[in-house]
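*Asks:* Its first residue numbered 3, the sequence shown is counted upward by one per residue in the numbering used here. C-beta: ideal position from N, C-alpha, C; glycine also. None of the values given here were measured: they were computed from a predicted structure. I have a structure I would like to understand better, so I am pasting it below and will then ask my questions one at a time.
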Amino acid sequence: MIQAVTSAKRVSETLLTRTGDAMMSNDLAAFEPCFLLPYAIETIDGPRMIDTRASLRATFDSVHALLMKKRVTLMARHCVSATFRSANEVAATHETRLISGDI
């Protein structure tokens, strides 16, 4: 369970760590509780709505497969900005660096 946090950025960083660790270890069970469906995301390819557990799993599997294909050994993710939209919702932007060995 995520401990109480005091800032939107801290919420974001906590979730980035938890979901990143789950993604790298292929642990869907640890990944799923981080999302309340439906979940809207913005990607480099445009907006995407994840509205079912099946679509969450498909997204997870797709990203995990890409990480394995690229032989990623470290996924460094950092919150760029975050704000509370409401008492229970954080809007955040993060950047990701994928590292494979020394590349």
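Alanine 84 to glutamate 44, Cα distance in whole Å?
*Replies:* 14 Å
*Asks:* From the DSSP secondary-structure annotation, give me the bridge partner or partners of leucine 1.
*Replies:* Missing from the structure shown is residue 1; the chain here goes from 3 to 105 and no further.
*Asks:* If contacts are defined as beta-carbon pairs under 8 Å, then serine 102 and arginine 73 qualify, I think. What distance do you get, rounded to the angstrom?
*Replies:* 5 Å
*Asks:* Among Ala93, His66, Arg99 and Thr98, which has the Cα closest to the Cα of alanine 42?
*Replies:* Ala93
*Asks:* For a quick check, are the C-beta atoms of alanine 78 and arginine 50 less than 7 Å apart?
*Replies:* Not a contact, by the Cβ cut-off of 7 Å.
*Asks:* Quick one: Cα of threonine 8 to Cα of serine 57, how far?
*Replies:* 31 Å
*Asks:* How should alanine 89 be labelled, buried or exposed, when 16 other C-beta atoms within 10 angstroms of its C-beta is the threshold for buried?
*Replies:* exposed
*Asks:* Could you tell me the distance, in whole angstroms, from the CA atom of isoleucine 52 to the CA atom of proline 40?
*Replies:* 6 Å
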